[in-house]
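Below is one structure; the comments refer to it alone.
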Amino acid sequence: QKEVEQNSGPLSVPEGAIASLNCTYSDRGSQSFFWYRQYSGKSPELIMFIYSNGDKEDGRFTAQLNKASQYVSLLIRDSQPSDSATYLCAVKSPGNQFYFGTGTSLTVIP
Amino acid sequence: GAVVSQHPSRVICKSGTSVKIECRSLDFQATTMFWYRQFPKQSLMLMATSNEGSKATYEQGVEKDKFLINHASLTLSTLTVTSAHPEDSSFYICSARGGARDNEQFFGPGTRLTVL
Numbered sequence: 001q002k003e004v005e006q007n008s009g010p011l012s013v014p015e016g017a018i019a020s021l022n023c024t025y026s027d028r029g030s031q032s033f034f035w036y037r038q039y040s041g042k043s044p045e046l047i048m049f050i051y052s053n054g055d056k057e058d059g060r061f062t063a064q065l066n067k068a069s070q071y072v073s074l075l076i077r078d079s080q081p082s083d084s085a086t087y088l089c090a091v092k093s094p095g096n097q098f099y100f101g102t103g104t105s106l107t108v109i110p
Numbered sequence: 111g112a113v114v115s116q117h118p119s120r121v122i123c124k125s126g127t128s129v130k131i132e133c134r135s136l137d138f139q140a141t142t143m144f145w146y147r148q149f150p151k152q153s154l155m156l157m158a159t160s161n162e163g164s165k166a167t168y169e170q171g172v173e174k175d176k177f178l179i180n181h182a183s184l185t186l187s188t189l190t191v192t193s194a195h196p197e198d199s200s201f202y203i204c205s206a207r208g209g210a211r212d213n214e215q216f217f218g219p220g221t222r223l224t225v226l
């Protein structure tokens with residue numbers, strides 16, 4: 001079983017819609033969770049992190065964490081074509097190691 | 111976020127030559143640096159983890175004699191691809207964490223290596 005799992009997609013949403021990206025992790029003791037955005041040909045960029053159960057909002061982005069279900073998600077409201085990218089979920093384990101998912105490709109259709 | 115730089119951003123070399131890529135943390139002390147490789151349309155693959163002042167830990171399947179990693183200071187790590195071959199052509203990305211930035215990992219802009 002992989003440490004971090006994501007649906008590879010592609011996920012397509014129309015402009016203005018909500019994009020929902022999901023991630024599950026295997027180590028129940030993990031405490032820190034991150035979402036990175038990677039545009040084609042570029043390196044990943046950290047866009048959100050969340051440490052506590054519940055929601056964390058930053059502009060159009062909302063990260064949601066449910067430790068009981070070992071599930072973390074990223075919602076993008078009012079999706080824009082510029083949001084089209086691959087979104088990587090990362091989890092920091094109790095052993096202080098980072099594990100990345102394989103990424104979900106998002107396309108926002110104008 | 112924290113700033114991590116890489117140099118060069120793009121390099122083309124002949125088969126059999128060696129290429130050095132530098133990774134620098136510009137505004138924090140990076141006690142740990144990571145080197146990744148990414149082939150087109152594929153996910154990040156961790157190659158090795160290096161802690162300042164100690165030998166790098168390589169992931170399974172990564173040849174340590176081919177990919178030499180040096181992390182001699184808290185702001186600089188280098189990856190040298192020795193005797194490069196066309197199959198080594200890839201996007202190499204470093205990331206760093208440490209100090210006040212230890213709970214997050216920040217990526218450099220990447221280096222695109224093309225071996226002819």
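Chains as they are written, first to last, in my numbering: chain E, 1 to 110; chain A, 111 to 226.
We treat Cβ as the ideally placed atom computed from N, Cα and C, and that holds for glycine.
Q. In terms of DSSP beta bridges, what is residue 80 (chain E) paired with?
A. Numbered from 1 along the first sequence, position 80 holds the residue referred to as residue 80 (chain E). BP columns for residue 80 (chain E) are empty, so no partner.
(Q) So, at 6 Å on beta carbons, what are the nonlocal neighbours of residue 27 (chain E) in its own chain, with the 5 sequence-adjacent residues on each side left out? (A) If you number the first sequence from 1, residue 27 (chain E) lands on position 27. Answer for residue 27 (chain E): 93, listed in chain order.
Q) Counting only beta-carbon atoms, is residue 42 (chain E) nearer than 8 Å to chain A? A) Here residue 42 (chain E) is taken as the residue at index 42 of the first sequence, counted from 1. Judged by the 8 Å Cβ criterion, residue 42 (chain E) is in contact with chain A.
Q.
Is there a C-beta anywhere in chain A that falls below 8 Å from the one on residue 33 (chain E)?
A. In the first sequence, the residue the question calls residue 33 (chain E) occupies position 33. For residue 33 (chain E), the answer is no, since every Cβ of chain A falls outside 8 Å of its Cβ.
Q: State the DSSP-derived secondary structure class of residue 197 (chain A), mapped to helix, strand or coil.
A: Along the second sequence, read from residue 1 onward, the residue named residue 197 (chain A) stands at position 87. DSSP, reduced to helix, strand and coil, places residue 197 (chain A) within a helical segment of the structure shown.
Q: Spatial neighbours of residue 13 (chain E) within its chain, please: CB distance less than 8 Å, with the 5 preceding and 5 following residues excluded, ordered by chain position.
A: What you label residue 13 (chain E) is simply residue 13 of the first sequence in a count that begins at 1. Counting only Cβ-Cβ distances below 8 Å, and skipping sequence neighbours, we find 19, 79, 106, 107, 108 and 109.
Q.
Between which residues of its own chain and residue 131 (chain A) is the CB-CB distance below 8 Å, once the five residues before and five after are set aside?
A. In the second sequence, counting from the first residue as 1, residue 131 (chain A) sits at position 21. Around residue 131 (chain A): 116, 117, 118, 121, 188, 189, 190, 191, 202, 204, 221 and 223.
Q.
Distance check for residue 37 (chain E) and residue 87 (chain E), CA to CA, integer angstroms please.
A. Position 87 of the first sequence holds residue 87 (chain E). Position 37 of the first sequence holds residue 37 (chain E). The straight-line gap from Cα to Cα measures roughly 5 Å.
Q. From residue 95 (chain E) to residue 129 (chain A), what distance separates their C-alpha atoms?
A. In the first sequence, counting from the first residue as 1, residue 95 (chain E) sits at position 95. In the second sequence, counting from the first residue as 1, residue 129 (chain A) sits at position 19. Cα to Cα, residue 95 (chain E) sits roughly 33 Å from residue 129 (chain A).
Q) Excluding the five sequence neighbours on either side, which residues of its own chain have a C-beta within less than 6 Å of the C-beta of residue 211 (chain A), listed in chain order? A) If you number the second sequence from 1, residue 211 (chain A) lands on position 101. Taken in chain order, the residues that qualify are 112 and 138.
Q | Proximity winner among A:173, A:171 and A:165, relative to residue 180 (chain A) (alpha-carbon distances) | A | Locating residue 180 (chain A) in the second sequence gives position 70, where the first residue counts as 1. Measuring from the Cα of residue 180 (chain A), the nearest candidate turns out to be A:165.
(Q) Tell me the DSSP secondary structure of residue 222 (chain A) in three-state form. (A) Locating residue 222 (chain A) in the second sequence gives position 112, counting from the first residue. Residue state, collapsed to three classes: strand.
Q: Verify whether the separation of the beta carbon atoms of residue 135 (chain A) and residue 206 (chain A) is less than 8 Å.
A: The residue labelled residue 135 (chain A) in the question sits at position 25 within the second sequence. The residue labelled residue 206 (chain A) in the question sits at position 96 within the second sequence. Taking 8 Å as the Cβ cut-off, residue 135 (chain A) and residue 206 (chain A) qualify as a contacting pair.
Q. Residue 198 (chain A) to residue 40 (chain E), Cα distance in whole Å?
A. Taking the second sequence and counting its residues from 1, the one referred to as residue 198 (chain A) is at position 88. Taking the first sequence and counting its residues from 1, the one referred to as residue 40 (chain E) is at position 40. Their backbone Cα atoms lie some 19 Å apart in a straight line.
**Q.** Delimiting residues of the beta strand (DSSP E) encompassing residue 29 (chain E)
**A.** For the purposes of this step, residue 29 (chain E) is taken as residue 29 along the first sequence, with counting starting at 1. Note, residue 29 (chain E): premise wrong, no beta strand (DSSP E); not H, not E.
**Q.** Spatial distance of residue 81 (chain E) from residue 15 (chain E) (CA atoms)
**A.** Taking the first sequence and counting its residues from 1, one reaches residue 81 (chain E) at position 81. Taking the first sequence and counting its residues from 1, one reaches residue 15 (chain E) at position 15. Approximately 7 Å between the Cα atoms of the pair.
Q: Thinking residue 172 (chain A) and residue 196 (chain A) are a contact (beta carbons under 8 Å), I'd like their distance in whole angstroms, please.
A: Taking the second sequence and counting its residues from 1, one reaches residue 172 (chain A) at position 62. Taking the second sequence and counting its residues from 1, one reaches residue 196 (chain A) at position 86. About 18 Å separates the CB atoms of residue 172 (chain A) and residue 196 (chain A); that is not less than 8 Å, and the two are not in contact.
Q | Close-in-space but distant-in-sequence residues of the same chain around residue 184 (chain A) (CB under 8 Å, 5 per side omitted) | A | As a working mapping, residue 184 (chain A) is identified with position 74 in the second sequence. Once the five neighbours on either side are set aside, the close Cβ partners of residue 184 (chain A) are 135, 139, 140, 141, 162 and 208.
Q.
So residue 203 (chain A) contacts chain E; which residues on that side make the cut at Cβ distance below 9 Å?
A. As a working mapping, residue 203 (chain A) is identified with position 93 in the second sequence. Neighbours of residue 203 (chain A) in chain E, taken as residues whose beta carbon is under 9 Å from its own, are 43 and 44 in chain order.
Q) What does residue 153 (chain A) touch in chain E if you count any residue whose Cβ is under 7 Å from its own? A) Looking up residue 153 (chain A) in the second sequence gives position 43. Chain E residues near residue 153 (chain A): 102 and 103.
Q: Have a look at residue 73 (chain E) and residue 157 (chain A) and give me their C-alpha separation to the nearest angstrom.
A: Mapped onto the first sequence, residue 73 (chain E) falls at position 73. Mapped onto the second sequence, residue 157 (chain A) falls at position 47. In a straight line, the C-alpha of residue 73 (chain E) is about 27 Å away from that of residue 157 (chain A).
Q: Output, in sequence order along the chain, the residues in the segment 45–78 of chain E whose CB is closer than 8 Å to any CB in chain A.
A: 45, 46 and 49
Q: Tell whether a beta-carbon distance below 8 Å holds between residue 144 (chain A) and residue 43 (chain E).
A: The residue you call residue 144 (chain A) lines up with position 34 of the second sequence. The residue you call residue 43 (chain E) lines up with position 43 of the first sequence. No. Outside cutoff.
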